[in-house]
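Heads up: the sequence shown begins at 1 in the working numbering, then just goes up one per residue. For every residue, glycine included, the Cβ atom is placed at its ideal position computed from N, Cα and C. Some notes on the structure that comes next.
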Amino acid sequence: MYSDLRVGFGLDFHRYDPSGKPLKLGGILIKCPEKVSAHSDGDCLIHATIDALLGGAAKGDIGELFSDQDHSYENASSIDLLKTVVNNELIGYQIINLDVTIVAQYPKLSSYKGLIKQNMESLLKVPVSVKATTTEKMGFIGSGQGIACFATVLLIKNQR
């Protein structure tokens, strides 16, 4: 039975850019002055989740599936990309849960965590844990230059 369990880990970073795209996390628009530089809509929480799902299923990574060199993914909805992965790449696997951590000095996200959790649970139909932390003003995130998200998923192979 344990050989049927798979753990996936993903991470994603986005640089803040005043001329970038509005900040979205888990499909939720974050009302703040920070904008992100990105090829798609720049939702780093969903991007980290996609990498975790693909990694757990041993199906590569988000860049292989949705290349930033492919113009058809420019401004793509990360929710649509996530749905594509769940419906096409995870055949033979069931998601058990998702655990995500958002790392950002700014903006403060405590009022958004519940909305992000609810939206991700609605999309994936599994329990989701959403945490947020800072880097205590250290590094590029701590100096307000960007944001990062880390995701871990547990998958189980479907019974044949």
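Through-space distance from residue j to residue i, alpha-carbon basis
{"i": "D61", "j": "S110", "result": "29 Å"}
{"i": "G92", "j": "D17", "result": "39 Å"}
{"i": "L124", "j": "I156", "result": "14 Å"}
Residue(s) in a DSSP beta bridge with residue i
{"i": "L98", "result": "V128 and V153"}
{"i": "K35", "result": "P22"}
{"i": "T133", "result": "V103"}
{"i": "I28", "result": "L25"}
{"i": "G146", "result": "R15"}
Check whether residue i and residue j have beta carbons under 8 Å apart
{"i": "L65", "j": "L54", "result": "yes"}
{"i": "V103", "j": "T133", "result": "yes"}
{"i": "C44", "j": "I147", "result": "yes"}
{"i": "H47", "j": "S78", "result": "yes"}
For residue i, the first and last residue of its enclosing beta strand (DSSP E)
{"i": "G20", "result": "L5 to P22"}
Residue interval of the alpha helix (DSSP H) (run including residue i)
{"i": "E141", "result": "Note that residue 141 is Ile in the sequence shown here, rather than Glu. Unbroken alpha helix (DSSP H) run through I141: G139 to G142."}
Please go through the segment 43-107 and give each complete alpha helix (DSSP H) segment of 4 or more residues, from N-terminal end onward. 44-56, 62-65 and 78-84
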